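Trainee: Chains as they are written, first to last, in the numbering used here: chain H, 3 to 199; chain L, 3 to 199.
No residue lacks a Cβ here, since even glycine has one placed at the ideal position from N, Cα and C.
It should be emphasised that the depicted structure is a prediction, and the values quoted were computed from it without experimental measurement.
Mind looking over this structure? Questions follow.
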């Protein structure tokens, strides 16, 4: 096997990259000037070296605590709970949210051997003991695992004086009723909101 | 910008990788153990260092001349002319071809500033002068540029006693007549072959 075959094989491990895409990417790297491959290699190497988990919220960061946790302009009474670090990035990109985050590290999924012990629920409870939290927004995925995790969260905080909310589920903006699946449509009916002008 | 943002931005340069895929890949690399990112970084770095163009055929190789050019079992009277090094790989993967290759480095495309001078036609003529070639199979893409290049090749070798052929163009195996475009169907009609049982 040549260096090229080795690279193609490693690239196929990446999410969404099949044999053909891997080969296309490898040939592209070969065709580009040397500086490109050097930069890419260095950045892949460095990203793993420089980035760690924030000790407070679990988000990926270069400094600890992360930029969001240490930002004095953030609303500290509001915590948005997500499954993965990339979800923080996604929610941040909307520009709609000014509270803090908490990354669980996944969702409860007995089939995959992920129980509450594997996730950072304890850390979240600790945070709510240390700082006055008024609301927890549950932003787990609208899947069986995400919903289970959401229910578990509600149960943990049932005795506390914290408002628990969940991201609205429904038909996407710009979507078409005709193409919405039954479950989504049912949820968006149940979760209908009063019309305000 | 963090290391993560830098990596995501570089990844979007790769073919077929948009903003979302790049971000997914970057988070995957972060999540994986350190060895994976180290291996990937090293392989990207090495591929550009180890692989060069074969001085005979222009294919990517680690040793010069390449494995195909130096293979004594290959039919040296047969040269398959392709646009890019990856086309060699694609044709090799069929296991149908036992001749040599010649990589042009692209196709004639005046709009992109690629004329015959930018491609390795001279080298191909030299090869046919040095070794007795019986047939040249033109395997450029069935596009305007590829067809132009094919015509140019035929004209170059018009005075020589070399059989010139072109890859058959037509409906793909497993395809459906209904979904074939007119041009492809027209070509497959013109290029129809006698039925042999």
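Could you tell me which of L:145, L:53 and L:162 sits nearest to residue 65 (chain L), measuring between CA atoms?
Mentor: Answer by Cα proximity: L:53.
Trainee: Give me the subset of the region 94 to 119 of chain L whose CB atoms are less than 9 Å from a CB atom of chain H, sorted by chain position.
Mentor: Against chain H - using a Cβ distance shorter than 9 Å - the region 94 to 119 of chain L contributes no residues.
Trainee: Against residue 88 (chain H), what residues of chain L qualify as contacts under a CB-to-CB distance less than 8 Å, listed in chain order?
Mentor: Within 8 Å Cβ-Cβ: 25, 26 and 29.
Trainee: According to the Cβ coordinates, are residue 158 (chain L) and residue 81 (chain L) closer than 8 Å?
Mentor: In this structure, residue 81 (chain L) does not lie closer than 8 Å to residue 158 (chain L) by Cβ.
Trainee: Less than 8 Å between the beta carbons of residue 186 (chain H) and residue 171 (chain H), yes or no?
Mentor: In contact: residue 186 (chain H) and residue 171 (chain H) (Cβ atoms closer than 8 Å).
Trainee: Tell me where the beta strand (DSSP E) around residue 47 (chain L) begins and ends.
Mentor: Run containing residue 47 (chain L): none in the beta strand (DSSP E); it sits in the alpha helix (DSSP H), 36 to 52.
Trainee: Would the region 99 to 111 of chain H count as touching the region 131 to 151 of chain H if we require 3 or more Cβ pairs under 8 Å?
Mentor: With the cut-off at 8 Å, the region 99 to 111 of chain H and the region 131 to 151 of chain H touch.
Trainee: Around the Cβ of residue 123 (chain L), are there at least 16 other Cβ atoms within 10 angstroms (buried) or fewer (exposed)?
Mentor: Looking at its Cβ environment, which holds 16 or more other Cβ atoms inside 10 Å, residue 123 (chain L) is buried.
Trainee: Do residue 130 (chain L) and residue 142 (chain L) have their C-beta atoms within less than 8 Å of each other?
Mentor: Not in contact: residue 130 (chain L) and residue 142 (chain L) (Cβ atoms no closer than 8 Å).
Trainee: Verify the CB distance criterion: does residue 64 (chain H) have a CB-CB separation below 8 Å to chain L?
Mentor: Interface residue, yes.
Trainee: Between residue 84 (chain L) and chain H, is any beta-carbon pair separated by less than 8 Å?
Mentor: No, residue 84 (chain L) lies away from the interface with chain H (no Cβ there is under 8 Å from its Cβ).
Trainee: Can you confirm whether residue 46 (chain H), when its beta carbon is compared against all beta carbons of chain L, has any partner nearer than 8 Å?
Mentor: Cβ-Cβ to chain L under 8 Å: yes for residue 46 (chain H).
Trainee: Around the Cβ of residue 92 (chain L), are there at least 16 other Cβ atoms within 10 angstroms (buried) or fewer (exposed)?
Mentor: That one is exposed.
Trainee: Relative to the alpha-carbon of residue 73 (chain H), which residue among H:60, H:95, H:90 and H:100 has its alpha-carbon at the smallest distance?
Mentor: Residue H:100 is the option with its Cα nearest to residue 73 (chain H).
Trainee: Check the Cβ-Cβ distances between residue 18 (chain L) and every residue of chain H, and say whether any is below 8 Å.
Mentor: Cβ-Cβ to chain H under 8 Å: yes for residue 18 (chain L).
Trainee: Using 8 Å as the threshold, is the C-beta distance between residue 118 (chain H) and residue 154 (chain H) below it?
Mentor: Their beta carbons are under 8 Å apart, which means residue 118 (chain H) touches residue 154 (chain H) by this criterion.
Trainee: Can you find the residues in the same chain that come closer than 6 Å, C-beta to C-beta, to residue 109 (chain H), ignoring five residues on each side of it along the sequence?
Mentor: Result list for residue 109 (chain H): 85, 142, 147, 148 and 151, in chain order.
Trainee: Below 7 Å on C-beta distance, what does residue 12 (chain H) contact in chain L?
Mentor: Chain L residues near residue 12 (chain H): 41, 42 and 45.
Trainee: In chain order, what residues of the same chain have a beta carbon less than 7 Å from the beta carbon of residue 90 (chain H), not counting five sequence neighbours either side?
Mentor: For residue 90 (chain H), where only same-chain residues beyond five positions count, the Cβ hits under 7 Å are 61, 84, 103 and 105.
Trainee: Taking Cβ-Cβ distances below 8 Å as the criterion, which residues of the region 161 to 177 of chain H are in contact with chain L?
Mentor: Flagged: no residues at all.
Trainee: If you follow the beta strand (DSSP E) that residue 83 (chain H) is part of, which residue opens it and which one closes it?
Mentor: First-last of the beta strand (DSSP E) with residue 83 (chain H): 77 to 84.
Trainee: Among the candidates L:69, L:28, L:132 and L:6, whose CA atom is the shortest distance from the CA of residue 15 (chain H)?
Mentor: Residue L:28 is the option with its Cα nearest to residue 15 (chain H).
Trainee: Checking 8 Å against the spacing of the C-beta atoms, do residue 8 (chain H) and residue 45 (chain L) come in under that value?
Mentor: It is a contact, given that the beta carbons lie within the stated cut-off.
Trainee: So, does the CB of residue 72 (chain H) fall closer than 8 Å to a CB anywhere in chain L?
Mentor: Not closer than 8 Å to any Cβ of chain L, the Cβ of residue 72 (chain H) fails to qualify, so no.
Trainee: Which first and last residues belong to the alpha helix (DSSP H) in which residue 123 (chain L) is found?
Mentor: Per DSSP, residue 123 (chain L) belongs to the alpha helix (DSSP H) from 123 to 132.
Trainee: Which residue or residues does DSSP assign as beta-bridge partners of residue 105 (chain L)?
Mentor: According to DSSP, which records beta bridges pairwise, residue 105 (chain L) is partnered with L:84.
Trainee: Out of curiosity, what's the CA-to-CA distance linking residue 31 (chain L) and residue 184 (chain H)?
Mentor: If I take the Cα positions, the gap works out to 36 Å.
Trainee: Below 8 Å on the Cβ atoms is my guess for residue 70 (chain H) versus residue 78 (chain H); work out the distance and round it to an integer in Å.
Mentor: No, residue 70 (chain H) and residue 78 (chain H) are not in contact; Cβ-Cβ is about 11 Å, not under 8 Å.
Trainee: What does residue 9 (chain L) reach in chain H if we use C-beta pairs closer than 9 Å?
Mentor: Under the 9 Å cutoff, chain H gives 42, 45, 46, 48 and 49.
Trainee: Please compile the residues from chain L whose C-beta is within a distance smaller than 7 Å of the C-beta of residue 52 (chain H).
Mentor: Near residue 52 (chain H) (Cβ distances below 7 Å), the residues of chain L are 5.
Trainee: Whole angstroms are fine: how far does the CA of residue 128 (chain L) sit from the CA of residue 162 (chain L)?
Mentor: C-alpha separation (whole angstroms): 13 Å.
Trainee: Are the Cβ atoms of residue 49 (chain L) and residue 23 (chain H) separated by less than 8 Å?
Mentor: In this structure, residue 23 (chain H) does not lie closer than 8 Å to residue 49 (chain L) by Cβ.
Trainee: Out of H:174, H:120 and H:126, which has the shortest C-alpha to C-alpha gap to residue 144 (chain H)?
Mentor: Among H:174, H:120 and H:126, the Cα nearest to that of residue 144 (chain H) belongs to H:174.
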